[in-house]
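Numbering (my numbering), first residue to last: 3 to 559.
First the structure, in the form of structure tokens, and then the observations on it.
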């Protein structure tokens, strides 16, 4: 994260400032006791300067250099690193005990100000909202990720996975960036599962929407690491601002259009006494339950060994009569009066799902494919497992099949450990809070940054933290591990509501690709050039080669 520009946000927040206001702000900042250098000598933390705090440390750094800078400070100063960005205290935490205090709290659930760049796109959706609005909307949205809804999406995952396999064929034998393909297929899946736009019904506006989502993500990335773009007063005079306006016109235009059409259909069907939404009856899946043993939720299978806070309350209990898909459920909730949610708020939540479900999954799947291209022995074990499930058949994957993909599951978990798509989590403290390390008291108003990337590489919890080893997630290795030592989907009350959806999608997508192609890579892990702003990516590109898969087990080769 490039924090340099935040130093000036206290002078230029979101409104125009007069020279008098600026001078007044500077005087106020300089007078603050935390900036007196004599108070900071020998305290084991980077020295902060007046006005800028520690922000100058990031000046002129490239995105990939900021990753190395952050890692070096954790190594130098330990699990609690304090910094000043302008008048704002930033506390970087990497100890699971400290992180649990923050993430498990019902009080410290507000996102940090860094998330404001999403507002023009996502408004007050689930990613950004707080308080009662966040709680009520999460309660509406969580049931759409119930196990039976997820099972109904498997066909969609299959169709789009097969489609991307076909699109990748021209790349055979050439080095290419696989992230381009993972990004495209992820948006296609989201258009269908979140908004009901299939390839058959998708006109040019659907393609334009997919492109706009990817380009908007890029603009937000740019604003995070190019400090001058952080200031609205400057951003509005750049080409990025005009691009953003055009892209948001496409994104919001399609979202509003789909919501309008579905709302009209709901009202019409209701007036005619017809079904008002896409209903998935539980009994449809009765025959699939035989292989689940005593599992009641997906958490009992793919997340076995990890507490899943979504299953410790009733927010997944959507009754026994029907299960509704995402947008349909939101519209029914609004129209039936069961929940107070406006069309505008529905739009914000749909846009939020599209963002959160796109870039994270695209990066996560790309890292897995690159790692398997490097670690051929692990790729062989993955394929042998897939062969034991499918043989040489080309049949589509079923939900039952995904439950047998134990080794692929561990590979995905391990990839998310080493390269978590969301490498940091930032929270604003609403009250003073005491953490475990040295009983430090963190003051209200400060920002806590949880270093997921560093937590996942803590040798206390992972024997060889920098080695890609899926066996880190064998049951015997996870049973006694600190719950907050593995948080790729965050944890606690504000954990990712769509994590089970994401994992199921990854299993179907990756298994389909690996049944058709062998992954190869000429780039080793120590050559990865990582960039961390919003999403962890490779600035050097997710470069791989593919070869046709011989559908025989390794013992037959």
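Even for Gly, the Cβ is constructed at its ideal location relative to N, Cα and C.
| said: Residues in the same chain with beta-carbon distance under 7 Å from residue 416, minus the five sequence neighbours each way, listed in chain order, please. | reply: Taking the first residue of the chain shown as position 1, residue 416 is located at position 414. Listed in chain order, the non-local C-beta contacts of residue 416 below 7 Å within the same chain comprise 470, 471, 472, 474, 475, local neighbours out to five positions each way being set aside.
| request: Assuming residue 128 and residue 110 form a contact by the criterion Cβ under 8 Å, report the distance between their Cβ atoms to the nearest whole angstrom. | output: Working through the chain shown from its first residue, we reach residue 128 at position 126. Working through the chain shown from its first residue, we reach residue 110 at position 108. Your pair residue 128 and residue 110 does not check out as a contact, with CB atoms roughly 17 Å apart and the cut at 8 Å.
| Hey, would you say residue 526 sits closer than 8 Å to residue 376, going by beta carbons? | Counted from its first residue, the chain shown places residue 526 at position 524. Counted from its first residue, the chain shown places residue 376 at position 374. Yes, Cβ-Cβ distance for residue 526 and residue 376 is below 8 Å.
| Below 8 Å between beta carbons: does that hold for residue 361 and residue 537? | Position 359 of the chain shown, counting from 1, holds the residue named residue 361. Position 535 of the chain shown, counting from 1, holds the residue named residue 537. Yes; because the gap between Cβ atoms is below 8 Å, this pair is in contact.
| Distance between beta carbons of residue 424 and residue 449, contact taken as under 8 Å | Position 447 of the chain shown, counted from the start, is the residue given in the question as residue 449. Position 422 of the chain shown, counted from the start, is the residue given in the question as residue 424. No, residue 449 and residue 424 are not in contact; Cβ-Cβ is about 16 Å, not under 8 Å.
| message | Using 8 Å as the cut-off, can you tell me whether the stretch 148-167 makes contact with the stretch 252-260, which would need three or more C-beta pairs spanning the two stretches below that distance? | response | no
| said: Please classify residue 556 as buried or exposed, where buried requires at least 16 other C-beta atoms within 10 Å of its C-beta. | reply: Numbered from 1 along the chain shown, position 554 holds the residue referred to as residue 556. Exposed: under 16 other Cβ atoms inside 10 Å.
| Starting from residue 547 and walking both ways along the beta strand (DSSP E), at which residues does that stretch end? | As a working mapping, residue 547 is identified with position 545 in the chain shown. Start and end: 545-550.
| query | Can the beta-carbon of residue 391 be found less than 8 Å from the beta-carbon of residue 403? | reply | Against the chain shown, residue 391 aligns to sequence position 389. Against the chain shown, residue 403 aligns to sequence position 401. Contact flag set, yes.
| query | Does DSSP put residue 522 in a helix, in a strand, or in coil? | reply | Counted from its first residue, the chain shown places residue 522 at position 520. Reduced to three states, the DSSP call for residue 522 is strand.
| request: Please list, in chain order, all residues of the same chain as residue 364 whose beta carbon is under 8 Å from its beta carbon, the five residues on each side excluded. | output: Position 362 of the chain shown, counted from the start, is the residue given in the question as residue 364. Excluding sequence neighbours, residue 364 sits near 181, 184, 185, 188.
| For residue 113, which residues of its own chain have a beta-carbon under 8 Å away from its beta-carbon, when the five flanking residues on both sides are left out? | As a position in the chain shown, residue 113 is number 111, starting the count at 1. The residues are 129, 130, 132, 428, 429, 430.
| task | Could you pull out every unbroken alpha helix (DSSP H) segment of at least 4 residues lying fully inside the stretch 429-484, listed in chain order? | result | 454-457, 477-480
| task | Please confirm if residue 140 has its CB atom under 8 Å from at least one CB of chain B. | result | This model lacks chain B altogether; it includes just one protein chain.
| query | Are residue 435 and residue 444 touching if we call contact CB-CB under 8 Å? | reply | Mapped onto the chain shown, residue 435 falls at position 433. Mapped onto the chain shown, residue 444 falls at position 442. In contact: residue 435 and residue 444 (Cβ atoms closer than 8 Å).
| query | Between residue 507 and the rest of its own chain, which residues show a CB-CB distance below 7 Å, the 5 nearest in sequence each way excluded? | reply | For the purposes of this step, residue 507 is taken as the residue at position 505 of the chain shown. Counting only Cβ-Cβ distances below 7 Å, and skipping sequence neighbours, we find 159, 191, 363.
| task | Report yes or no: do the stretch 387-401 and the stretch 339-355 share at least 3 C-beta pairs separated by less than 8 Å? | result | At 8 Å Cβ cutoff, the stretches do not touch.
| message | With a threshold of 8 Å, are at least 3 pairs of Cβ atoms found where one atom belongs to the stretch 91-101 and the other to the stretch 482-497? | response | yes
| Cα-Cα, which of 383, 418, 500 is closest to residue 366? | Taking the first residue of the chain shown as position 1, residue 366 is located at position 364. Minimum Cα distance to residue 366 is reached at 418.
| said: Using CA atoms only, rank isn't needed, just tell me which of 439, 378, 550 is closest to residue 523. | reply: Within the chain shown, residue 523 is the residue found at index 521, counting from 1. Closest by alpha carbon: 378.
| task | With DSSP collapsed to three states, give me the class of residue 426. | result | Taking the chain shown and counting its residues from 1, one reaches residue 426 at position 424. Strand at residue 426.
| said: Could you tell me the alpha carbon to alpha carbon distance between residue 328 and residue 219, rounded to whole angstroms? | reply: Here residue 328 refers to the residue found at position 326 when the chain shown is read from its first residue. Here residue 219 refers to the residue found at position 217 when the chain shown is read from its first residue. Straight-line Cα distance between these residues: approximately 22 Å.
| said: Between the alpha carbons of residue 519 and residue 439, how many angstroms are there, rounded? | reply: For the purposes of this step, residue 519 is taken as the residue at position 517 of the chain shown. For the purposes of this step, residue 439 is taken as the residue at position 437 of the chain shown. Going by the C-alpha atoms only, they are around 48 Å apart.
| query | Exposed or buried, what is residue 292 when buried is set at 16 or more other beta-carbons lying within 10 Å of its beta-carbon? | reply | By one-based count along the chain shown, residue 292 stands at place 290. Reliability of the predicted coordinates at residue 292 is poor, the pLDDT of 37 falling under 50, and the value obtained from them is presented with this limitation in mind. Residue 292 is exposed by the Cβ-count criterion.
| said: Measuring only the C-alpha atoms, how far is residue 260 from residue 465? | reply: One-based indexing of the chain shown puts residue 260 at position 258. One-based indexing of the chain shown puts residue 465 at position 463. Roughly 50 Å separates the two Cα atoms.
| field | Reduced DSSP category for residue 85 - H, G, I as helix; E, B as strand; rest coil | value | Within the chain shown, numbered from 1, the residue matching residue 85 stands at position 83. Reduced to three states, the DSSP call for residue 85 is strand.
| message | Restricting to Cα atoms, I'd like to know which of 546, 515, 516, 521 is closest to residue 530. | response | In the chain shown, the residue the question calls residue 530 occupies position 528. Nearest option by C-alpha distance: 546.
| request: Measure the CB-CB distance between residue 147 and residue 494 and report whether it falls below 8 Å. | output: Within the chain shown, residue 147 is the residue found at index 145, counting from 1. Within the chain shown, residue 494 is the residue found at index 492, counting from 1. The answer is no: Cβ separation not under 8 Å.
| said: Please list the terminal residues of the continuous alpha helix (DSSP H) segment that includes residue 364. | reply: As a position in the chain shown, residue 364 is number 362, starting the count at 1. Per DSSP, residue 364 belongs to the alpha helix (DSSP H) from 345-376.
| message | According to DSSP, is residue 182 part of a helix, a strand, or is it coil? | response | Position 180 of the chain shown holds residue 182. Per DSSP, reduced to three states, the secondary structure at residue 182 is helical.
| task | For residue 246, name the three-state secondary structure that DSSP assigns. | result | Sequence index remark: in the chain shown, residue 246 carries index 244 (1-based). Looking at residue 246 - three-state DSSP - the assignment turns out to be helix.
| field | Through-space distance from residue 136 to residue 343, alpha-carbon basis | value | Position 341 of the chain shown holds residue 343. Position 134 of the chain shown holds residue 136. One C-alpha to the other measures close to 12 Å.
| task | Output the distance between the C-alpha atoms of residue 232 and residue 119, rounded to the nearest integer angstrom. | result | On the chain shown, position 230 is the one that residue 232 refers to. On the chain shown, position 117 is the one that residue 119 refers to. In a straight line, the C-alpha of residue 232 is about 8 Å away from that of residue 119.
| said: If we require 4 or more residues per run, which alpha helix (DSSP H) segments fall completely within the stretch 92-120? | reply: 98-105
| field | Under the three-state DSSP convention, the category residue 395 falls into | value | One-based indexing of the chain shown puts residue 395 at position 393. Residue 395: coil per DSSP, three-state reduction.
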